[in-house]
C-alpha cells in the first residue's frame with residue numbers, strides 16, 4: 002500500500018518558524034511555546050527565522066528560510082500577507098514539504114485581489130512540490146510528532162482525528178474532548194483551505210491506522226461531490242461526526258468573513274451527511290458528547306430501552322420526561338426484578354419500577370447499592386442503563402457538608418468518592434456487558450469530575466455526561482445515526 | 002390588610018422535631034443539622050421528641066410532643082406513617098400552628114387505604130386548627146426565619162419564592178440558583194400537598210413583600226380553576242416560572258408513584274400558564290437560566306436584536322447559528338460604528354460587522370477592549386449585547402498556561418481576572434443601560450466562575466450564563482414570554 006500523500010506532512014523531521022516574533026509574548030509566539038511544550042526541539046531541529054534578530058530565546062535566529070543550516074520539512078509562516086509570495090519561492094527553493102500559512106488577510110477579507118493572490122500563491126507552491134495548509138489557520142496538532150499550535154495541549158496521542166476550518170473551534174474540540182478523556186491522532190485547522198481541505202483530510206482519516214473516530218467542524222463545501230466521496234469513504238469505516246457552521250442566514254454571512262467560504266444550504270449538507278453515513282450535530286457540546294459516547298461501550302447501545310437508576314423522585318420524573326424527548330423509553334421492570342429490588346430498597350417514597358430511586362441507599366460502595374446495580378445490569382428487556390452516582394460535595398472533618406459556596410480547595414475525599422463510584426460502574430459494565438451511561442451531577446457549588454477522573458473512566462470504557470439532558474440527547478442521536486446507516490458496515 | 006393565613010406558618014417561634022433519631026447520622030437527622038446550620042436553636046426553642054431517649058446531641062429529649070415545656074408552633078414529623086394519627090391529636094392538643102409531615106407512605110404508595118388515611122389525618126388536623134405541609138416532603142426553607150431542610154443551605158435571605166412538589170428538586174433549585182447568586186425569601190417543598198399546596202402558595206407569593214420572583218416545580222394539578230386563579234394573581238405581579246414534571250407518558254407514571262399526583266395533559270397545563278401570564282420551562286437548567294435573566298437588567302431586554310462581542314471566528318459563526326435557533330437576530334452594525342471599531346480592531350482575520358471578533362485584543366482591561374465595548378454598548382439599533390469575557394486558565398509564575406489537566410488549586414489570579422472582567426461589564430451596563438448578557442466559557446479543564454463571583458455579578462445586575470446555547474435560549478424564552486403577556490402589567 003503506498004503511503005498517503007499527507008503522511009509526510011503529518012511527520013516533519015524539522016520545522017522553521019518564519020516571522021518568529023522577537024517578543025516572546027508577541028502575536029504568533031504561541032507556536033514557539035506550543036512546540037516547546039510538546040518537546041519538538043528536543044526531538045527535531047526547530048529553526049527560527051527573522052531578518053531583524055540573530056538570537057531569540059537563546060536560540061540562533063536566521064535571516065531567511067534559505068539560511069537555515071539544515072533541511073526544512075515544515076514551515077509555519079507568521080509573515081504578513083504581502084511577504085507570503087516571497088516565502089513561497091523560498092519554500093520551493095528549500096525543498097519544503099508543507100507550508101502552513103498562519104498568515105491571514107487573503108480571500109476572507111472579501112477583497113477580490115487578495116483572493117486572487119491567495120489562489121496564485123497556492124498554485125505556485127503546488128507546482129513547486131509544496132503542500133499548503135491555510136491560509137488563515139492554526140495548522141497541525143499531532144502529538145505523536147510533537148506538533149501543536151496552542152500552549153499546553155496534551156502531549157499523549159490518541160485515536161481521534163480532528164478536522165476544523167476554525168482554529169478557535171479546533172482548540173475547543175481538543176481541550177473539550179481532552180477534558181472528557183479523549184486524545185488525538187491528528188488534528189488539522191485548515192482555514193481558507195485553498196490546498197489541504199476537508200475532502201482530502203476525510204480520505205486520509207479513512208485509511209489512517211492511528212484513527213478510530215473522526216470529528217469535524219466545517220464552514221464551507223467548495224466541492225460537494227468530492228466531499229461526499231471522501232466523507233463516505235471515511236464514515237463507512239469510522240464513526241464520523243460533523244458540526245457545520247453557518248446554518249443560519251446570519252451565520253452564513255459570518256462564515257464568509259471568517260474563512261471565505263460559501264456556507265451552502267443546510268438541507269443539502271444534511272442530505273450529504275446522511276448519504277455518507279456520517280452524523281451532523283448542531284452544537285459543540287453535541288459533537289463532544291457524541292464523541293465520548295462512541296469512544297466507550299456506549300457505542301454499542303442498540304435500542305431505546307433504558308433503565309434509569311436515579312436519586313430522588315422529582316429527579317426521576319424530570320429525567321423520564323427528558324429522555325422521552327430524545328426517543329428513549331424507560332419500560333417498567335419485570336415483576337421478578339422488582340421483587341429482587343424490594344429486598345434492598347425501602348418501599349416508602351421510592352420507586353422500583355423504573356426509574357429506580359436509590360436515594361435512600363447510602364454511599365457508592367454499600368452492599369445494597371451493589372445489589373441494586375447488579376439487578377439493573379442484568380434485568381431482561383433493556384438496551385442500556387443510566388447510572389447517577391452520588392455527587393461529592395466538599396465535607397468537613399466531622400463529615401458534614403461545608404457551608405454553601407466554600408471554595409472546594411481540599412476536596413480530595415470527594416474526588417476519591419467519585420473515582421471509586423466510576424470504577425465500580427466500569428466493572429459492572431465490563432462484567433455484564435450492558436452499556437452504562439453515567440450522568441454526573443455537579444449540583445450548585447459542587448465541582449464537576451476533574452479531567453484525570455474522566456480520563457480514567459473513558460479508558461475503562463465508561464461514558465460520563467454532565468446531566469441527563471446531554472446524556473439523553475447523545476444516546477438519541479446515536480440511535481438515529483444507527484438507523485440512518487442501514488446497509489452500511491455496522492461500525493456503531 | 003389582614004395577614005395572609007400562611008404568614009404564621011413561615012415564622013414559627015419554636016419547632017419540635019418529633020421522631021428525632023438517636024443516631025445523628027440516621028434518617029431524618031438532616032433536619033436537626035439544617036436547623037443548627039441556620040442558627041434556629043440560637044434564636045428560638047428547638048425541642049427534640051423521642052420516647053426512647055432523654056438526651057440527644059447533649060440536648061434534652063422529650064417522650065411526647067405534649068411533654069415539651071413550652072409552646073410549639075411548628076412540628077416536623079419523622080414518625081412512621083402508622084404513628085401519624087396520634088401525632089395529629091397531640092398537635093391539636095398542643096395548639097401547634099403547622100404540622101410538617103416528612104413522614105411518607107401514604108397516597109403515593111398507590112394503596113387506597115393509605116390514601117384514605119392521609120385524607121382523614123389532614124381533615125382532622127385542619128378541623129383542630131393545624132395546617133399541614135405534606136405528607137411526603139421536605140417542608141420549609143425560610144432563611145429569614147432560620148428554617149431549612151438540607152445542610153449548609155445559604156443563611157442569607159433573598160427575593161426568590163420557591164414552590165416545589167419534590168424535595169430533591171427543591172434542593173436543586175435552591176443550590177442551583179444560589180450558585181448563580183440568587184437567594185430565597187421562602188421555599189416550600191409540599192409533596193403530596195393534601196393541605197398546603199401550589200394554589201395557596203402562589204396566592205401567598207403574590208402578596209409577599211419579600212418576594213420579587215417565583216419559581217415552581219409542579220407534578221400534579223388537582224384543582225385546575227383554583228390553580229389558574231392563583232397563578233394569574235401571582236404572574237400579574239411577579240415573574241413566575243413553572244417547571245412541570247410528568248409531561249411524557251412515562252414521566253406521568255413516575256409522578257403518580259412520587260407524589261400521588263395526576264400529571265394531567267401537557268397542553269392543558271401549557272394553556273393554563275399562558276392564560277395566567279406565567280412561563281412554562283422544560284428543564285431545571287431552563288428554570289435556573291430564566292430566573293437569573295429576570296433577576297438582572299437582562300429582564301428589560303425588549304427585542305431580538307443582539308450584538309455579540311465574541312472571541313474567534315469559528316466561535317462567532319457557531320454563536321450566530323445558535324442564537325438564530327432561539328429567534329435572536331445579529332443585525333449588521335451601522336457603518337459609523339464599524340468605522341469606530343476599525344480604529345481598535347485589526348482588520349485581518351476579524352469581523353467588525355456583528356459578531357465582533359475581539360480575539361486579537363489582549364486582556365479584559367485593555368484600553369482597546371474598553372473602547373470596543375463602549376461602542377458595542379452604544380451603537381444604535383440593538384436591544385442588548387452578548388459579552389464573552391476571556392476565560393481564565395490556570396497559569397504558572399512565568400505567565401504560561403499550566404499543563405493540561407493540572408488541578409486548578411492555585412488559580413487565584415485567574416479568578417481575579419474573571420471578577421474584574423465581570424465588574425467592568427456591570428459598570429458598562431449601568432452606565433449605558435443596554436442589557437449585557439454574559440457568556441462565561443469554561444473550556445476544557447478550566448474552572449467555571451465560583452459562586453461568590455457569580456453572586457457579585459448578580460448583585461450588580463449582570464446575568465451570566467455557561468455558554469451561548471443556554472444564554473440564547475433564556476433570552477429567546479424571555480422574548481416569547483413578553484409577547485405572550487400582552488395586556489398584562491409590564492413586569493418584565
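Residue numbers (my numbering), protein chains in the order written: chain A, 2 to 493; chain B, 2 to 493. Ideal placement from N, C-alpha and C gives every residue a C-beta, glycine not left out.
Nearest-angstrom Cβ-Cβ length linking residue i and residue j, presumed shorter than 8 Å
i, j, result
"residue 13 (chain B)", "residue 98 (chain B)", "7 Å"
"residue 152 (chain A)", "residue 34 (chain A)", "5 Å"
"residue 305 (chain B)", "residue 329 (chain B)", "5 Å"
"residue 166 (chain A)", "residue 78 (chain A)", "The Cβ separation is near 18 Å, so there is no contact."
"residue 160 (chain B)", "residue 211 (chain B)", "7 Å"
"residue 282 (chain B)", "residue 288 (chain B)", "5 Å"
Contacts of residue i in chain B (Cβ-Cβ under 7 Å)
i, result
"residue 34 (chain A)", "401"
"residue 173 (chain A)", "444"
Counted within 10 angstroms of its Cβ, other Cβ atoms place residue i as buried (16 or more) or exposed
i, result
"residue 365 (chain B)", "Per-residue confidence for residue 365 (chain B) stands at a pLDDT of 49, beneath the threshold of 50, marking its modelled position as unreliable; the derived number appears in the next sentence. Residue 365 (chain B) is buried by the Cβ-count criterion."
"residue 276 (chain A)", "exposed"
"residue 114 (chain B)", "exposed"
"residue 109 (chain B)", "buried"
"residue 350 (chain B)", "Bear in mind that the predicted position of residue 350 (chain B) carries a pLDDT of just 48, short of 50, making it too unreliable to give a figure here."
"residue 170 (chain B)", "buried"
"residue 225 (chain A)", "exposed"
"residue 51 (chain A)", "buried"
"residue 22 (chain A)", "buried"
"residue 253 (chain B)", "buried"
"residue 323 (chain B)", "buried"
"residue 451 (chain A)", "buried"
"residue 140 (chain B)", "buried"
"residue 119 (chain B)", "buried"
"residue 179 (chain B)", "buried"
"residue 449 (chain B)", "buried"
"residue 238 (chain A)", "buried"
"residue 220 (chain B)", "buried"
Proximity below 8 Å, CB of residue i to CB of residue j
i, j, result
"residue 130 (chain A)", "residue 101 (chain A)", "no"
"residue 321 (chain B)", "residue 356 (chain B)", "yes"
"residue 19 (chain A)", "residue 66 (chain A)", "yes"
"residue 466 (chain B)", "residue 440 (chain B)", "yes"
"residue 386 (chain A)", "residue 377 (chain A)", "yes"
"residue 143 (chain A)", "residue 133 (chain A)", "no"
"residue 176 (chain A)", "residue 290 (chain A)", "no"
"residue 231 (chain A)", "residue 186 (chain A)", "no"
"residue 361 (chain B)", "residue 259 (chain A)", "no"
"residue 265 (chain B)", "residue 233 (chain B)", "no"
"residue 392 (chain B)", "residue 444 (chain B)", "yes"
"residue 300 (chain A)", "residue 383 (chain A)", "no"
"residue 7 (chain A)", "residue 218 (chain A)", "no"
"residue 359 (chain A)", "residue 421 (chain A)", "no"
"residue 442 (chain A)", "residue 462 (chain A)", "no"
"residue 405 (chain A)", "residue 154 (chain B)", "yes"
"residue 243 (chain B)", "residue 302 (chain B)", "no"
"residue 49 (chain A)", "residue 57 (chain A)", "yes"
Residues that residue i contacts on chain A, provided the C-beta gap is smaller than 9 Å
i, result
"residue 330 (chain B)", "251"
"residue 179 (chain B)", "405, 406, 445, 446"
Contact set between residue i and chain B, taken where Cβ atoms lie within less than 9 Å
i, result
"residue 286 (chain A)", "468, 470"
"residue 368 (chain A)", "The contacting residues do not exist; residue 368 (chain A) stays about 18 Å from chain B at best."
"residue 42 (chain A)", "Chain B residues near residue 42 (chain A): none, gap ~16 Å exceeds 9 Å."
"residue 142 (chain A)", "In chain order: nothing, as chain B lies at least about 12 Å away."
Neighbour list for residue i in chain A, Cβ cutoff strictly below 8 Å
i, result
"residue 352 (chain B)", "255, 258, 259"
Chain B contact residues for residue i, given Cβ-Cβ distances below 8 Å
i, result
"residue 362 (chain A)", "None at all; the shortest Cβ gap to chain B is about 11 Å."
In chain order, each alpha helix (DSSP H) run of at least 4 residues that lies wholly inside the segment 365-394 of chain B: Taking 4 residues as the minimum length, the alpha helix (DSSP H) runs contained wholly in the segment 365-394 of chain B are 368-379, in order along the chain.
Beta strand (DSSP E) runs contained entirely in the segment 257-345 of chain A, provided each spans 3 or more residues: Along the segment 257-345 of chain A, the beta strand (DSSP E) occurs as fully enclosed runs of 3 or more residues at 280-282, 307-311, listed in sequence order.
Beta strand (DSSP E) runs wholly inside the segment 4-76 of chain A, at least 3 long, in chain order: For the segment 4-76 of chain A, the continuous beta strand (DSSP E) assignments of 3+ residues that do not extend past its boundaries occur at 16-19, 47-50, 60-63, in sequence order.
Length-filtered (3 minimum) beta strand (DSSP E) runs lying within the segment 81-151 of chain B: Fully contained in the segment 81-151 of chain B are the following beta strand (DSSP E) runs of length 3 or more, in chain order: 99-102, 132-134, 140-142.
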